[in-house]
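Numbering (the numbering used here), first residue to last: 21 to 279. Backbone N, C-alpha and C define an ideal beta-carbon position, used for all residues, glycine too. Below is one structure, written out as structure tokens, with a few remarks after it.
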């Protein structure tokens, strides 16, 4: 059953995404702020497919903590789930993402249309300056900026590796940063074919207001995201103790405690 559900979900997910991009072609003739209002359909459809095909429920706790004005959303990154799950709570969102994604046919065209923020990792200093400039413009326009502080997906319960980009933005944008913890990697693990039944949960934490030092900000951000993600991992472990990803996560935690 797990294999059949995973096969059907993966096919349905990519097929739905492709068909939705075809249906949404008219947004290219609309202003960005109007056209992007259709994007939450992707979230709703994916939640439906996850629940009724993959056996995976989705919940976002305390979404009302996200300020209406421009701010940074800093989320744990464990799977593809968080790339779309927060859309209904966001205002004209722009993601900080790899520049290579803008070259993907169809999908990359939408990233350009909706003015997402590309980062060319090979350019380092120049890339940081360009990212900051685009981010300042987004905040001035009242948009929500979504960033994954570790830069890539990490396995559930893996030791965190935060990059400097989020701190740089915090120090330069003078806006709140909203931490989000989650356990998506337990049910939709990176580089795995299977989708494991259960409930993916994300928890929106209290915003971190501007004005802290880099050190204090880093400390508070990681404590919020990692503390919440660990709580949600334990929640997943209680609800689905036989999940293979939970068992792997337990081993990682044991190794980290040993080290």
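- Going by beta carbons, residue 198 and residue 220 fall outside the 9 Å limit.
- Per DSSP, reduced to three states, the secondary structure at residue 176 is coil, with no helix or strand assignment.
- Counting only the Cα atoms, residue 84 lies some 11 Å from residue 227.
- For residue 115, the enclosing beta strand (DSSP E) begins and ends at 114-118.
- Distance check between residue 47 and each of 37, 58, 39 places 58 closest, using alpha-carbon atoms only.
- Taken through DSSP and simplified to helix, strand or coil, residue 238 comes out as helix.
- A direct Cα-Cα distance of roughly 20 Å separates residue 61 from residue 208.
- Here residue 170 carries a coil assignment [DSSP, helix/strand/coil].
- For residue 164 against residue 111, the beta-carbon gap comes to about 5 Å, under 8 Å, which counts as contact.
- Sixteen is the threshold: when 16 or more other Cβ atoms of the shown chains lie within 10 Å of the Cβ of residue 151, as they do, the residue is buried.
- Counting along the chain, residue 271 sits inside the alpha helix (DSSP H) bounded by residues 264-278.
- The beta carbon of residue 168 is closer than 7 Å to those of 95, 97 in its chain, skipping five residues each way along the sequence.
- Taking a contact to require three or more Cβ pairs closer than 8 Å, the stretch 71-87 and the stretch 23-31 qualify as touching.
- For residue 94, the uninterrupted beta strand (DSSP E) segment begins and ends at 91-95.
- Around the C-beta of residue 138, 16 or more other C-beta atoms lie within 10 Å, and the residue is accordingly described as buried.
- Scanning the stretch 185-260 for uninterrupted alpha helix (DSSP H) segments of 4 residues or longer gives 185-193, 204-207, 234-259, listed from N- to C-terminal end.
- Separation of residue 243 and residue 49 (C-alpha to C-alpha, rounded to the nearest whole angstrom) is 43 Å.
- Excluding five sequence positions before and after residue 216, the CB atoms of its chain that fall closer than 6 Å to its own CB belong to 207, 263, given in chain order.
- Residue burial is scored here from C-beta neighbours: residue 193 has at least 16 other C-beta atoms within 10 angstroms and is therefore classed as buried.
- Straight-line measurement puts the Cα of residue 22 at about 45 Å from the Cα of residue 145.
- The beta carbons of residue 181 and residue 174 sit closer together than 9 Å.
- Contact between residue 186 and residue 223 is ruled out by a C-beta separation of about 18 Å, above the 8 Å threshold.
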